[in-house]
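Structure record follows, encoded as structure tokens.
There are 2 protein chains.
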Amino acid sequence: MVRFIGNIDAKMDEKGRVFFPAVFRRTLQKEGDEALMIRKDIHQNCLVLYPKSVWNQQLDELRSRLNRWNAQQQMVFRQFVAGVDELPIDGNGRILIPKRLQQMAALQASVRFIGMDDTIELWAKETADSLLDNPAALGETLEALMDF
Amino acid sequence: MVRFIGNIDAKMDEKGRVFFPAVFRRTLQKEGDEALMIRKDIHQNCLVLYPKSVWNQQLDELRSRLNRWNAQQQMVFRQFVAGVDELPIDGNGRILIPKRLQQMAALQASVRFIGMDDTIELWAKETADSLLDNPAALGETLEALMDF
DNA sequence: TTTTTTGTGGGGAATTGTGGGGAAATGTGT
DNA sequence: ACACATTTCCCCACAATTCCCCACAAAAAA
Numbered sequence: 021m022v023r024f025i026g027n028i029d030a031k032m033d034e035k036g037r038v039f040f041p042a043v044f045r046r047t048l049q050k051e052g053d054e055a056l057m058i059r060k061d062i063h064q065n066c067l068v069l070y071p072k073s074v075w076n077q078q079l080d081e082l083r084s085r086l087n088r089w090n091a092q093q094q095m096v097f098r099q100f101v102a103g104v105d106e107l108p109i110d111g112n113g114r115i116l117i118p119k120r121l122q123q124m125a126a127l128q129a130s131v132r133f134i135g136m137d138d139t140i141e142l143w144a145k146e147t148a149d150s151l152l153d154n155p156a157a158l159g160e161t162l163e164a165l166m167d168f
Numbered sequence: 021m022v023r024f025i026g027n028i029d030a031k032m033d034e035k036g037r038v039f040f041p042a043v044f045r046r047t048l049q050k051e052g053d054e055a056l057m058i059r060k061d062i063h064q065n066c067l068v069l070y071p072k073s074v075w076n077q078q079l080d081e082l083r084s085r086l087n088r089w090n091a092q093q094q095m096v097f098r099q100f101v102a103g104v105d106e107l108p109i110d111g112n113g114r115i116l117i118p119k120r121l122q123q124m125a126a127l128q129a130s131v132r133f134i135g136m137d138d139t140i141e142l143w144a145k146e147t148a149d150s151l152l153d154n155p156a157a158l159g160e161t162l163e164a165l166m167d168f
């Protein structure tokens with residue numbers, strides 16, 4: 021079971037290249053998983069990186085719940101799959117973020133990787149910082165969720 | 021059950037390394053737990069150290085209650101893991117505090133470890149000192165909580 | 001006092017991260 | 001088909017950080 025942990029700040033150069041953090045690369049290799057998939061998050065303004073095996077797994081799960089003859093459900097599936105790219109790691113250990121996705125997530129020079137269990141999220145640093153600005157709300161939600 | 025007790029002052033060097041107090045290390049080892057997790061406290065201006073097993077337990081607990089396809093619940097999970105890092109103990113028994121977190125907690129050379137039951141807090145010494153100045157509020161809260 | 005454990009400091013190698021040049025590949029319009 | 005711009009890829013150089021090692025001070029134990 022893959023488990024990415026940690027938060028790494030990095031810089032994207034003008035060419036759209038970002039060093040893929042060594043911690044995560046090790047985690048990836050430990051799973052014998054080399055390839056990454058990238059897509060825009062459905063809800064949030066960030067990018068999601070999947071080890072290919074995790075991606076396939078989620079795809080299977082989704083597919084199994086959808087009726088392929090139902091137009092609306094088929095549309096959901098299409099939206100999920102469309103816009104996904106494979107993301108090779110270059111000789112320097114860097115990844116190249118497609119322009120399309122850079123814009124979608126409003127990535128500037130400063131970005132942040134966030135280990136999210138079995139996926140990794142990639143945020144514009146400024147956007148990520150503002151995430152942590154709402155401790156009160158989080159506190160309440162957590163309190164409600166974990167109350168037992 | 022882990023239970024950390026005590027206040028220990030220590031010094032952080034220019035590289036951001038701090039000796040992890042021997043008392044706590046023993047407690048940790050007694051649990052067969054080697055690794056630590058670190059994050060900024062949600063409410064206070066300090067850092068929290070979790071034995072990895074405690075952290076994983078909380079994470080699993082949370083994960084099992086959340087639906088990853090639900091935007092709001094995914095956000096809760098994200099906020100929970102955002103800012104967390106793994107914190108290995110080096111050959112000298114020291115930990116290396118990530119720059120990002122040093123700044124968040126305004127750590128200088130003088131720091132203080134505070135045993136908080138199953139976690140350990142790490143404060144800038146000056147900040148910790150000024151906290152003890154408010155016994156009145158503590159009294160009230162305790163009174164309200166323990167009234168039965 | 002001597003020995004052991006705990007805590008501080010620093011040098012330097014190895015790894016990680018950043019930047020840029022320019023060749024190859026791809027796409028665009030004429 | 002051709003010239004041109006854009007994007008991708010492969011290479012090198014270097015800066016920054018982390019890791020590993022050793023030395024030693026300070027405190028506690030023997």
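So the sequences go chain by chain: A and B.
The opening position of the first sequence corresponds to residue 21 in our numbering, with each subsequent residue numbered one higher.
The opening position of the second sequence corresponds to residue 21 in our numbering, with each subsequent residue numbered one higher.
Ideal Cβ placement from N, Cα and C applies to all residues, glycine included.
Inset, instruction - Grab the span of the alpha helix (DSSP H) containing Trp-75 of chain B for me, first residue to last. - result: 72 to 85
Inset, instruction - Go ahead and label Thr-161 of chain B buried or exposed: buried means 16 or more other beta carbons lie within 10 angstroms of its beta carbon, across all protein chains shown. - result: exposed
Inset, instruction - Ignore the nearest five residues each way along the sequence and tell me which others in Lys-145 of chain A's own chain have a CB closer than 7 angstroms to its CB. - result: Asp-29, Ser-130, Val-131, Arg-132
Inset, instruction - For Ala-42 of chain A, count neighbouring Cβ atoms within 10 angstroms of its own Cβ and tell me buried if that reaches 16, exposed if not. - result: exposed
Inset, instruction - Would you mind telling me which residues of chain A sit closer than 7 angstroms to Ala-91 of chain B, beta carbon to beta carbon, in chain order? - result: His-63
Legend entry - Same chain, Cβ closer than 7 angstroms to Glu-106 of chain A, neighbours up to 5 away in sequence not counted: Ala-55, Met-57
Legend entry - Neighbouring residues, chain B, relative to Asp-80 of chain A (Cβ below 7 angstroms): Going along chain B, no residue has its Cβ under 7 angstroms from Asp-80 of chain A, so there is no contact; the nearest lies around 15 angstroms.
Inset, instruction - Grab me the residues of Pro-118 of chain A's own chain with a C-beta within less than 7 angstroms of its C-beta, minus the 5 sequence neighbours each way, in chain order. - result: Asp-105
Inset, instruction - Kindly identify the DSSP beta-bridge partner or partners of Val-38 of chain B. - result: B:Met-32, B:Ile-115
Inset, instruction - Kindly list, in the order they appear in chain B, the residues whose Cβ is closer than 7 angstroms to that of Leu-121 of chain A. - result: Those do not exist, as Leu-121 of chain A stays about 19 angstroms from chain B at its closest Cβ, beyond 7 angstroms.
Inset, instruction - Give me the Cα-Cα distance between Asn-87 of chain A and Asn-90 of chain B, rounded to the nearest whole angstrom. - result: 20 angstroms
Legend entry - Cutoff 8 angstroms: Ala-164 of chain B Cβ touching any chain A Cβ: no
Inset, instruction - Let me know the secondary structure DSSP gives Gly-159 of chain B once reduced to three states. - result: helix
Legend entry - Segment limits, beta strand (DSSP E) that includes Phe-24 of chain B: No beta strand (DSSP E) contains Phe-24 of chain B, which DSSP labels as neither H nor E.
Legend entry - Residue environment, Ile-25 of chain A, which counts as buried when at least 16 other CB atoms sit within 10 Å: buried
Legend entry - Residues that DSSP places opposite Gln-141 of chain B in a beta bridge: In the sequence on display, residue 141 of chain B carries Glu and not Gln. Glu-141 of chain B is bridged to B:Val-68, B:Ile-134.
Legend entry - beta strand (DSSP E) segment containing Arg-59 of chain B, residue limits: 56 to 60
Legend entry - Cβ neighbours of Arg-59 of chain A in the same chain (closer than 6 angstroms, five flanking residues each side left out): Val-68, Gly-103, Val-104
Inset, instruction - Just the chain A side, please: which residues come within less than 8 angstroms of Ala-102 of chain B by C-beta, in chain order? - result: Asn-27, Ile-134, Ala-148, Leu-151, Leu-152
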